[in-house]
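A short worksheet on the structure shown next.
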Amino acid sequence: MSLVILAVMIAIGGFAYLRVAPGTSAIPMQWSLRGEVNWSAPRAAAFAFVPGLSVATCAIFAASGMIALFAITGSVLLICQIVHILLVRRWAAARQM
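Using the working numbering, you'd call the opening residue of the sequence shown number 29 and step up by one each time.
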């Protein structure tokens with residue numbers, strides 16, 4: 029994964045921490061098919077999870093010599109992070125109604 033993708037992930041995570049669902053200490057991490065929250069994580073851990081997973085994944089790939097997988101893995105994880113943040117925004121908006 030390129031350092032640029034990791035930097036983007038960290039920036040998005042920081043933005044989400046500051047701006048998405050303000051005042052909420054626990055952020056949903058998984059939803060059921062009915063849209064109910066299955067489990068939540070502390071705010072900082074929730075928004076730092078995907079960048080942390082990216083670093084761990086890259087370390088494993090580097091140790092295994094599979095450096096070619098960096099870019100695709102980073103891109104997929106970036107998309108996952110964006111989708112998670114969008115779902116959290118939708119969840120927070122529904123709670124305010």
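Beta carbons are placed, not taken as given, at the ideal position from N, Cα and C, and that holds for glycine.
Residue burial classification, Ser82 (beta-carbon count within 10 angstroms, cutoff 16): buried
C-beta contact flag for Gly102 and Ser30 at 8 Å: Yes, Cβ-Cβ distance for Gly102 and Ser30 is below 8 Å.
Stretch pair the region 70-81 + the region 105-114: three plus CB contacts closer than 8 Å: yes
Buried/exposed call for Ile55, threshold 16 Cβ in 10 Å: buried
Helix, strand or coil at Pro56 [DSSP, three-state]: Residue state for Pro56 is assigned as strand, using DSSP reduced to three classes.
Under the three-state DSSP convention, the category Val83 falls into: helix
Member of Phe77, Ala76 and Leu97 whose CA lies at the smallest distance from the CA of Cys86: Leu97
Exposed unless 16 or more other CB atoms sit within 10 angstroms - verdict on Phe43: exposed
Residues that DSSP places opposite Ala69 in a beta bridge: Answer by DSSP bridge pairing, in chain order: Ile55.
C-alpha distance - Phe89 paired with Met37, whole-angstrom precision: 18 Å
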